[in-house]
Structures are given as C-alpha cells and as structure tokens.
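In mature numbering (1 follows the signal peptide of the UniProt record, and there is no 0), the protein residues as written are -29 to -1, 1 to 476.
Glycine included, every Cβ here is placed at the ideal spot set by N, Cα and C.
Bear in mind that the values here come from a model prediction, so they are computed numbers and not experimental data.
Structural data, given as structure tokens:
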C-alpha cells in the first residue's frame, strides 16, 4: 500500500507563544510548560511563509532507518532500565528532538524528565502459625515495605489482638488480613483481588496450588519496582503466602525484611508550542526501554558464550515507535500548522510496570490532553496488509472514527484491534492516561499471534519491513492532522470503565 503524496501549505516562522498556566506540569522534575515565550525551535529564518511541504520530504525512509538502526544496535545492549545503555538511548532521543525543532520545558533540562524508583527485593521471611514454623521453601512475599513484623495475642476476653510494626507505613494502618485460599479457589483471581486492595495480607494457600505457588514464589523473589512520587495517592502493601494445609489461624508471628535500592530513570519529552489552542495538548508517545542482555544458555564461566551474552535489541519493541514520534515531530515542526501544543514523549520503564508513564501522568493536568497517540511496534506489516495500522480500545472514544474520517480521501483507515483477547489496551503506556479520562490509545501493526521475534533476541532491524513502517508513520501524520490543527476533538474515555493498576505488585 502506498500513501499519496500530500502537500501542506505552511508558515515556517512559528510565532512565539506563552503557554497558559493550565498546562503547567507539576513538580521539580516535571515539565512546566509555563513561561515558554520566545522559544527558538531551531527552524531558522524563513522568508517564504507559504512553502509546500510533502510527507516525502518530512518523513523519509533514510531517517527512520537510521533512528532504528542506532536504538536497536548492539552498542545499546537492549536499552535495559537501570543501565548506562538506556541513558545513551535517552541522550540520542533528546539530540534528535532538538534536531527536528522541539524544545524542552524549563523544568526538564535537556529534555529529561527524571523520576525516582525503588527496587525492593525480599531478603528474609520468618512465619510461625499456631506455634508451627513454616519452612522457607513454602513461603513467599511481595512487599513494598523494607521491614515489617506482625503478631497477635489474646486479650482478657480471649479476643485476638494484632500488633504490627512497619519501617514505613504505606497502607493507611490497615489491619493484617488473614486469607484462606482453598483447594477449590482460584489462586490467581484471589491474589489479584488482594493486589487491587493494597494493605497487609497473610495468605494460607492449600498445597493443591503448589505448582502455581512456585511460579509466584520465583516472580516475587525477583523483587518489586515501586515509583517514588509525592504526587501519587497510590498505596503499597504486603502479601505473605504460606503453603500449608492449616485452615485456621489462632496465633501468628511474621517477620520480613527486604533490600531497597533507589535509582533514577528519565522520560524524554519535547514540545512544539501551539497557537490559538496552545492550552490543549496532543501527546505522541512510545517507550524506549527494552529487555537488555541475557546470558547465553550455552555459557559457562570461561566460555566465549559467556562473553557474548544475548542482546534483546528491541527493534520493533519499541525502537520503531520511538523513530515514529521523532519523525512525526519533524513533520509537524516543518509544516507549522499546529494550533494545539504537541508533546512528544519517550517513556522509560514500560517493560517493568509502566513507571515512566505513571510518573508523567501525575505531573500533567490530564484535562489538557486532547488525545494520546501511543505508538507501539509498527515495524512489521499488520494482518490487514503492508502499511496498515490498528488501534487498541477503538470503542472507548470517538478518536478512531475521527481519524478514519481524515483518512477517507486517501482510501485508508485505522483498523480496530484484531486481538481483543490479548487485552492489549492495558499492555502499554496508554492505559495509564486512559485511567485519567484521556482518549489514550496504542497504535500498532504487530501480528502478535504470529510474531516469532516478540521479546526475543531476533527482534533486530533485519526482522523489520521498513517500507511498511514508513507508510504507517505517514498515515498517522495524515490521520492526526485534524487533531493537530484543532479541527477535531475526540470524546473522553470513561475512567470508571478502565481497570486499575495493582497496588502491591
């Protein structure tokens, strides 16, 4: 499929604009858009105010290829969170944002929106129930608290009295909740409900669930990552699981501690100030983190394989999306017809819980975001053909319908998510903003049911169909132009119909 060349009449001299305080992004490390008057977008002096610009000039195969080639290179070693390599990737994206004419907000120096996360890894756990110590191989815990101790005793009326000590109190003084998961209960569903509640839970799990218990035990042993953000109201909590055939708890004593490590990560954010609707934002986003490096299964301590571990390059996931937002930024900066403010954001930490978008969402007023175009894995042809794209949650807002109206003259369309059972609406950064009512959707072309490269070391640039990717980016430029020029406004998503994040793990 080929997109017809489209000429756009543009005024390349962008007028300075002061964004209203309603656009202010809160907090020291956030993106205050206030006071962005006299911004130099790096477009240079233009004498001709009506220069025709085509998509073929602003979005090129050469540029998208070079962006993906670097981001998915072995040099960046899979852009894993908490590594030097993800910082290199952030530096590259910031450099490209600057080159295409975006500007950082005053409180996001060098385009970097920094935030703090904690890695909380279980260390020791001792559990005694009804006077019986539970062996460590039958114990597991998920905790957002470094140290805690629970115990109970009986008062003069023979009533149980619970005592608890926490080094930090994230649970609003919730009492310890004793939960029995019997042999006929759904373990996964029961734990999900506790996770959604937050608080403190001692779970007695029937031995019938031992196989599932081992999976959770291995998962929780890797530790949890927690966003540290004074603007969030989310609470943490503790879940302690004991695999036991005991069905009643008369007395318990639980003591646990975890190792806590603080680390800083960064989102990369650039803006193109608007004109008549400068207080309204169109957000284009993608995530730039991936899975990093994993040891070769053939490696031994002294083997060559141990020196050449396997790199998860993440070309499709999601260097393709990052390249898209960079080149869309270039397109709209050169056309200069954005009545609304455009914001281009590369999120970190998507692969480990979406912490980049979660931090971002608490430092922007969500009502100012007209729509979020989150671009996720567009490097290969969709099931609908080369150069086509689909979106998640099409029925949740009018955005898809309005984009298709813009595409109709080109005989193109955005398709609905062909994989509804995969719950893809919740599996990328759009979900965080959707929970705040933003018409936030992900756009993709991956054939997830057939893609053998997804989260594999083979997801490199050689696995991509770059001409198809080029057509997708051009189509998104055409489809979202009415958003950019302020002529369409999609309906809001009902936040009450969007599932919440878990509060503990």
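Counting C-beta atoms within 10 angstroms of its own C-beta, residue 187 has 16 or more neighbours from the protein chains shown and is therefore classed as buried. Taking a cut-off of 8 Å for Cβ pairs, the region 278 to 289 and the region 417 to 426 touch, as three or more such pairs fall below it. A straight line joining the alpha-carbon of residue 446 with that of residue 226 spans about 57 Å. Taken in chain order, the complete beta strand (DSSP E) segments of 3 or more residues contained in the region 367 to 445 are 385 to 387, 411 to 415. If you check the CB distance, residue 24 and residue 306 come in under 8 Å. Listed in chain order, the non-local C-beta contacts of residue 331 below 6 Å within the same chain comprise 238, local neighbours out to five positions each way being set aside. Of the candidates 455, 452, 99, 236, the residue whose Cα lies closest to the Cα of residue 59 is 236.
Residue 118 is bridged by DSSP to 228. A straight-line Cα-Cα distance of about 12 Å links residue 340 and residue 248.
Looking from the CA of residue 240, the closest CA among 26, 185, 293, 151 belongs to 293. In the assembly as shown, residue 46 is an exposed residue. Its beta-carbon has fewer than 16 other beta-carbons within 10 Å. By the CB criterion at 8 Å, residue 39 and residue 291 fall inside the cutoff.
Here the C-alpha atom of residue 207 lies approximately 28 Å from the C-alpha atom of residue 155. Excluding sequence positions up to five before and after residue 300, its CB lies within less than 8 Å of the CB of 68, 71, 72, 73, 241, 243, 255, 313, 315, all in the same chain and listed in chain order.
The beta-carbon distance between residue 49 and residue 264, rounded to whole angstroms, is 5 Å. This is short enough to meet the 8 Å contact definition. Ranked by how close their Cα comes to the Cα of residue 430, the residues 348, 63, 179, 157 have 348 in first place. The beta-carbon separation of residue 436 and residue 351, rounded to 5 Å, stays under the 8 Å limit for a contact. Here the alpha carbons of residue 234 and residue 378 stand approximately 44 Å from one another. Secondary structure note for residue 302: its alpha helix (DSSP H) is the uninterrupted segment 291 to 306. Cβ neighbours of residue 217 within its own chain (closer than 8 Å, five residues either side excluded): 100, 101, 103, 175.
Around residue 357, the same chain offers -29, 436, 438, 439, 442 as residues with beta carbons nearer than 8 Å, after the five sequence neighbours per side are excluded. Between residue 298 and residue 34, the C-beta gap is smaller than 8 Å, which places the two residues in contact. CA-to-CA, the gap between residue 325 and residue 199 works out to about 13 Å. Counting the other Cβ atoms within 10 Å of the Cβ of residue 153 gives fewer than 16, which makes it exposed.
Comparing C-alpha distances from residue 382 to each of 449, 148, 41, 91 shows the shortest one belongs to 449. The three-state reading of DSSP puts residue 348 in coil, since its state is none of H, G, I, E or B. Closest option to residue 158, judged by alpha-carbon separation, among 146, 147, 182: 182.
Annotation note: the region 146 to 170 contains the following uninterrupted alpha helix (DSSP H) runs of length 4 or greater, listed N- to C-terminal: 158 to 168.
Note on geometry: alpha-carbon atoms of residue 354 and residue 51 lie some 30 Å from one another.
Within the model, the alpha-carbon separation for residue 245 versus residue 287 is close to 31 Å. Using a C-beta cut-off of 8 Å, the region 384 to 404 makes contact with the region 412 to 420, since at least three inter-stretch Cβ pairs fall below that distance. If you look at residue 37, you'll find it isn't in any beta strand (DSSP E); it sits in the alpha helix (DSSP H) that goes 32 to 42. Here the alpha carbons of residue 455 and residue 28 stand approximately 19 Å from one another. Excluding its 5 nearest sequence neighbours in each direction, residue 178 has C-beta neighbours in its own chain below 7 Å: 214, 216, listed in chain order. For residue 104, the three-state secondary structure derived from DSSP is strand.
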